[in-house]
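Here the sequence shown is numbered in the UniProt record's numbering, starting from 1 and rising by one per residue.
Notes for the one structure printed next.
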Amino acid sequence: MKLIHKLISKKIKDHLRIDFILVIIIIIGSLLRLQNLAIVPSGLHIDEAQSAYNGYLIGKHLKNIHGEFFPTDIDYFEDYRPALSSYLTAPFTFLLGNNEIAARLPSALAGIFTIFLAYELCLLLLKDRNIARFSALFLAVSPYHVVFSRASTDGIIDVMWSILSLICITSFFKGKGIKWVFLAYIFWVLGFFTYQTSRFLTPIIVLATTVYGSVILKVNSKKVLIVILFLIAFFIFPLGYFIKSGKAGGRFDQVSVFSFPETQRSLNETITESGYYKLNPNIVRTFHNKITAYAQDIGRRYISFFSPDTVLFNTTLPIRYSVKNLGMITIFEFIGLLSAVYFSIRKKEKKMLLFFGMLLIAPIPSAITFEASPNFQRAIYLLPFWQILAGYGTYLALTSLAGKSKAILYLVGSSIFIWYVAFFLYQYFLITPVHEPFYRAYEQKEVAKYLASDANKYKKIVLSDNAGTYLYYLYFNKLDVFNLYVDKPTKYFREDFKLSNLNFKKERCIDDEKLFAREYELVVQFEDCPVYPFLEKEKEFRRKDKSLAVLAYKINNNLLRDYLDKKYTECIIQINNNSKESKEKCRKYINTI
Numbered sequence: 001m002k003l004i005h006k007l008i009s010k011k012i013k014d015h016l017r018i019d020f021i022l023v024i025i026i027i028i029g030s031l032l033r034l035q036n037l038a039i040v041p042s043g044l045h046i047d048e049a050q051s052a053y054n055g056y057l058i059g060k061h062l063k064n065i066h067g068e069f070f071p072t073d074i075d076y077f078e079d080y081r082p083a084l085s086s087y088l089t090a091p092f093t094f095l096l097g098n099n100e101i102a103a104r105l106p107s108a109l110a111g112i113f114t115i116f117l118a119y120e121l122c123l124l125l126l127k128d129r130n131i132a133r134f135s136a137l138f139l140a141v142s143p144y145h146v147v148f149s150r151a152s153t154d155g156i157i158d159v160m161w162s163i164l165s166l167i168c169i170t171s172f173f174k175g176k177g178i179k180w181v182f183l184a185y186i187f188w189v190l191g192f193f194t195y196q197t198s199r200f201l202t203p204i205i206v207l208a209t210t211v212y213g214s215v216i217l218k219v220n221s222k223k224v225l226i227v228i229l230f231l232i233a234f235f236i237f238p239l240g241y242f243i244k245s246g247k248a249g250g251r252f253d254q255v256s257v258f259s260f261p262e263t264q265r266s267l268n269e270t271i272t273e274s275g276y277y278k279l280n281p282n283i284v285r286t287f288h289n290k291i292t293a294y295a296q297d298i299g300r301r302y303i304s305f306f307s308p309d310t311v312l313f314n315t316t317l318p319i320r321y322s323v324k325n326l327g328m329i330t331i332f333e334f335i336g337l338l339s340a341v342y343f344s345i346r347k348k349e350k351k352m353l354l355f356f357g358m359l360l361i362a363p364i365p366s367a368i369t370f371e372a373s374p375n376f377q378r379a380i381y382l383l384p385f386w387q388i389l390a391g392y393g394t395y396l397a398l399t400s401l402a403g404k405s406k407a408i409l410y411l412v413g414s415s416i417f418i419w420y421v422a423f424f425l426y427q428y429f430l431i432t433p434v435h436e437p438f439y440r441a442y443e444q445k446e447v448a449k450y451l452a453s454d455a456n457k458y459k460k461i462v463l464s465d466n467a468g469t470y471l472y473y474l475y476f477n478k479l480d481v482f483n484l485y486v487d488k489p490t491k492y493f494r495e496d497f498k499l500s501n502l503n504f505k506k507e508r509c510i511d512d513e514k515l516f517a518r519e520y521e522l523v524v525q526f527e528d529c530p531v532y533p534f535l536e537k538e539k540e541f542r543r544k545d546k547s548l549a550v551l552a553y554k555i556n557n558n559l560l561r562d563y564l565d566k567k568y569t570e571c572i573i574q575i576n577n578n579s580k581e582s583k584e585k586c587r588k589y590i591n592t593i
């Protein structure tokens, strides 16, 4: 760790001393990622709450919420989410408490540091400080990078590890010692325990970088062999070890296109329609088979990441990251990329092939998964390569101009760029918190505080855990689950379970039959759930846009009895109709009364 600190610290000091423009860019990037971090995005998403609360427990006990000591993953639904983000959150929850800032600071700081890393990688390969500055500037104000950096996204942290490993490998190829490859291996391992996608992409990125070093940088075969040996070590541990344990690809198995029934259904439909012409089955299979079906599906998803409609104008997926009327890539980045393609071909600039290669590799994980497609979270490795290429293309385009046209274009371009950034800030910080806020759990913090204070007067409370309410309850109230009364059928919080005086049910809405036995005094449920006559509203919980989200109801036993009397009367009528089924159905009302 001292070696890592020494190497990175030296790089930071060297560059920050001599490049004042980079300092300004990093300050801008820091402000965009840290300003109002507690309130934008509005509310912790359940993924953030999971990571943050486990960070709190790891900081106290070195255990995750399931009681597993020194966990490498946190399993909620056979997804085996890597646990490193929780470890990184632990010191912030200790220093700052259990709040939104502590949950989000690791990814926000990783995002800020990645601005410097993009500059460093660009400078290392291209030896041009101006191109590196443009690249850093594009990344600093990138809506894509800002939005994901502020939302405690595991992928943002993994991008940092990935760029660090690229810098290490490239430095080794350019004459540095073998310790740089060892550092790269450490960053591969850190990435493995940070984000699932890294487990798939790391070998591809390393092989692509090795080919680049061998063909473009003319690195000797001994250095190439050393990198390959370290990659083999990565295949043995951690990749091979965790594949054997069944944990390495848990989430991929759930969201892979090969598990998506719609592709097979569409293929079967096409084959059935071809049967209308009574063609030879072999002819039909030539055109309609699993290979072509999956290739078309994957290709469509992949190409969408380079479509202007998707990256410039479309709603970003997953929807919780979307910014109204804005795509994740700015028009300047898109034009800059096109310019980079033009100048790279024109100048036969082979050094740019690494950045183009990384850009083409980045969407693969999203292309082979079906959930929330096109999924920008799984294509997070587009950062910062898109911005580096845009910086290269923009700088060369500007320097190729001459005379008055250059000054005019500078003025007009700068004005539009500033307006675009201002528009993004307006949309993100003012509009996004109140636009379709139901994709984030803003109200859950207030619910959590209520359950730990005002609701304590009720001995038994029943509520749905459809939104992961128990996590918010534990996190925001700084409760140690190992010191509470917990009653659950397995080590996981999946089925109905009890937590102190809270009875969590897996269904979204609490059925009236669960309330007949008068076991509960308070019901907490979502605004779209049925309200029974015996429920008296106790408290409302609203989203950021003031729309109703959750309500707490006190159970009035007198009204409950009236309700049961009514049900009983209806049952008597049905029983008199000699319906055997009705007799069985009504017995619960009779017994309850």
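Ideal placement from N, C-alpha and C gives every residue a C-beta, glycine not left out.
Note that this is a predicted model, so its numbers are computed, not measured.
Leaving out the 5 sequence neighbours to the left and right, which residues in its chain are closer than 6 Å to S86 when beta-carbon positions are compared? The count along the sequence shown starts at 1 and reaches residue 86 at position 86. So the qualifying residues of the chain are S51, N54, G55 and I58.
Which residue wins for smallest C-alpha separation from S214, given the options F172, K544, V255 and L190? The residue labelled residue 214 in the question sits at position 214 within the sequence shown. The residue with the shortest Cα to Cα distance from S214 is F172.
Going by DSSP, what residues sit across from T369 in a beta bridge? Working through the sequence shown from its first residue, we reach residue 369 at position 369. BP columns for T369 point to S256.
Give the straight-line distance between the Cα atoms of S152 and L217, rounded to the nearest whole angstrom. The sequence position of residue 152 within the sequence shown is 152, counting from 1. The sequence position of residue 217 within the sequence shown is 217, counting from 1. Approximately 36 Å, taken between the alpha carbons.
Apart from the five residues just before and just after Y473, which ones in its own chain have a Cβ nearer than 6 Å to its Cβ? As a first step, residue 473 must be located in the sequence shown, where it is residue number 473. The residues are A448 and L451.
Look at the alpha carbon of L16 and the alpha carbon of Q387, and state the distance between them as a whole number of angstroms. Within the sequence shown, numbered from 1, the residue matching residue 16 stands at position 16. Within the sequence shown, numbered from 1, the residue matching residue 387 stands at position 387. Per-residue confidence for L16 stands at a pLDDT of 46, beneath the threshold of 50, marking its modelled position as unreliable; no derived number is given.
Using the DSSP secondary-structure output, state which residues sit across from V206 in a beta bridge. If you number the sequence shown from 1, residue 206 lands on position 206. For V206, which the question treats as bridged, DSSP gives no partner whatsoever.
Given G327, which residues of its chain have a CB within under 8 Å of its CB, disregarding the five upstream and five downstream residues? Counting from one through the sequence shown, the residue named residue 327 turns up at place 327. So the list reads P143, T310, V311, L312, F313, N314 and T316, once near-sequence residues are dropped.
Only counting runs of 4 or more residues, tell me where the alpha helix (DSSP H) segments fall wholly within the region 444-512, in order along the chain. If we require 4 residues or more, the alpha helix (DSSP H) runs fully inside the region 444-512 come out as 469-476.
E371: which of I298, S256 and A379 sits nearest, CA to CA? One-based indexing of the sequence shown puts residue 371 at position 371. It is S256 whose Cα lies nearest to the Cα of E371.
For the pair the region 16-36 and the region 125-137, tell me if three or more CB-CB distances fall below 8 Å. Remark: three or more beta-carbon pairs, one from each stretch, lie closer than 8 Å, so the region 16-36 and the region 125-137 are flagged as touching.
Take every Cβ of the region 281-296, pair it with every Cβ of the region 112-120, and state whether three or more of those distances are shorter than 8 Å. Counting C-beta pairs with one atom in each stretch, the region 281-296 and the region 112-120 have fewer than three that are closer than 8 Å, which means they do not touch.
Spatial distance of F237 from K445 (CA atoms): If you number the sequence shown from 1, residue 237 lands on position 237. If you number the sequence shown from 1, residue 445 lands on position 445. Using only the alpha carbons, I get a separation of about 40 Å.
How do the region 535-547 and the region 435-445 stand: do at least 3 beta-carbon pairs fall below 8 Å, yes or no? Three or more pairs of CB atoms, one per stretch, sit closer than 8 Å, so the region 535-547 contacts the region 435-445.
What separation, rounded to the nearest whole angstrom, lies between the Cα atoms of L551 and K539? Counted from its first residue, the sequence shown places residue 551 at position 551. Counted from its first residue, the sequence shown places residue 539 at position 539. In a straight line, the C-alpha of L551 is about 6 Å away from that of K539.
R378 classed as buried or exposed, judged by whether at least 16 other C-beta atoms fall within 10 angstroms: Here residue 378 is taken as the residue at index 378 of the sequence shown, counted from 1. With 16 or more Cβ atoms within 10 Å of its Cβ, R378 is classed as buried.
Less than 7 Å between the C-beta atoms of P433 and S42, yes or no? In the sequence shown, counting from the first residue as 1, residue 433 sits at position 433. In the sequence shown, counting from the first residue as 1, residue 42 sits at position 42. Against a cut-off of 7 Å, the Cβ pair of S42 and P433 comes out as a contact.
Look at the alpha carbon of G391 and the alpha carbon of V147, and state the distance between them as a whole number of angstroms. Here residue 391 is taken as the residue at index 391 of the sequence shown, counted from 1. Here residue 147 is taken as the residue at index 147 of the sequence shown, counted from 1. For G391 and V147, the distance between alpha carbons rounds to 20 Å.
Straight-line CA distance for I232 to F417? Counting from one through the sequence shown, the residue named residue 232 turns up at place 232. Counting from one through the sequence shown, the residue named residue 417 turns up at place 417. Answer to the nearest angstrom: the Cα atoms are 45 Å apart.
Using the Cα positions of L62 and R150, report the straight-line distance between them to the nearest angstrom. Here residue 62 refers to the residue found at position 62 of the sequence shown. Here residue 150 refers to the residue found at position 150 of the sequence shown. Cα to Cα, L62 sits roughly 26 Å from R150.
Looking at C-alpha atoms only, which residue of V227, I364 and E269 is the closest neighbour of H288? What you label residue 288 is simply residue 288 of the sequence shown in a count that begins at 1. Comparing Cα positions, the closest option is E269.
Cutoff 6 Å; reference A340; Cβ partners in own chain excluding five residues on either side: Here the question's residue 340 lines up with position 340 in the sequence shown. Excluding positions up to five away in sequence, the list reads L389, Y392 and G393.
Nearest-angstrom Cα separation, counted from R518 out to D565: Counted from its first residue, the sequence shown places residue 565 at position 565. Counted from its first residue, the sequence shown places residue 518 at position 518. Taking the straight line joining both Cα atoms gives about 15 Å.
By the three-class DSSP mapping on this structure, what secondary structure does V215 have? Here residue 215 is taken as the residue at index 215 of the sequence shown, counted from 1. If DSSP states are grouped into helix, strand and coil, V215 belongs with the helices.
In terms of residue numbering, what span does the alpha helix (DSSP H) encompassing A233 cover? By one-based count along the sequence shown, residue 233 stands at place 233. Per DSSP, the continuous alpha helix (DSSP H) segment holding A233 begins and ends at S221 to F234.
Going by C-alpha to C-alpha distance, which of T194, R199, W161 and F193 sits closest to L183? Along the sequence shown, read from residue 1 onward, the residue named residue 183 stands at position 183. Ranking the options by Cα distance to L183, first place goes to W161.
Cβ atoms of L359 and F343: under 7 Å apart, would you say? Sequence index remark: in the sequence shown, residue 343 carries index 343 (1-based). Sequence index remark: in the sequence shown, residue 359 carries index 359 (1-based). Not a contact, by the Cβ cut-off of 7 Å.
Exposure of L471, with buried meaning 16 or more beta-carbon neighbours within 10 Å: To locate residue 471, count along the sequence shown from 1; it is residue 471. Buried, because 16 or more other Cβ atoms sit within 10 Å of the Cβ of L471.
DSSP state of Y294 mapped onto helix, strand, coil: The residue labelled residue 294 in the question sits at position 294 within the sequence shown. In the structure shown, Y294 sits in a helix (DSSP, three-state: H, G or I).
Three-pair Cβ contact test at 8 Å for the region 494-501 versus the region 478-486: The region 478-486 and the region 494-501 touch, with three or more beta-carbon pairs separated by less than 8 Å.
Helix, strand or coil at P71 according to DSSP, with G and I counted as helix: As a working note, residue 71 is residue 71 in the sequence shown. DSSP places P71 in coil when its eight states are reduced to three.
Alpha helix (DSSP H) containing Y119: first to last residue? Your numbering for residue 119 matches position 119 in the sequence shown. Where Y119 is concerned, the enclosing alpha helix (DSSP H) stretches over E100 to L126.
At what residues does the beta strand (DSSP E) containing V181 begin and finish? As a position in the sequence shown, residue 181 is number 181, starting the count at 1. Looking at the DSSP string, V181 is not in any beta strand (DSSP E); the run it does join, the alpha helix (DSSP H), is K179 to F192.
Once you ignore the five residues that flank L125 on each side, which residues in its own chain have a CB closer than 6 Å to its CB? The count along the sequence shown starts at 1 and reaches residue 125 at position 125. So the qualifying residues of the chain are K351.
Environment of I303 [buried if 16+ CB atoms lie within 10 Å]: As a working note, residue 303 is residue 303 in the sequence shown. I303 comes out exposed.
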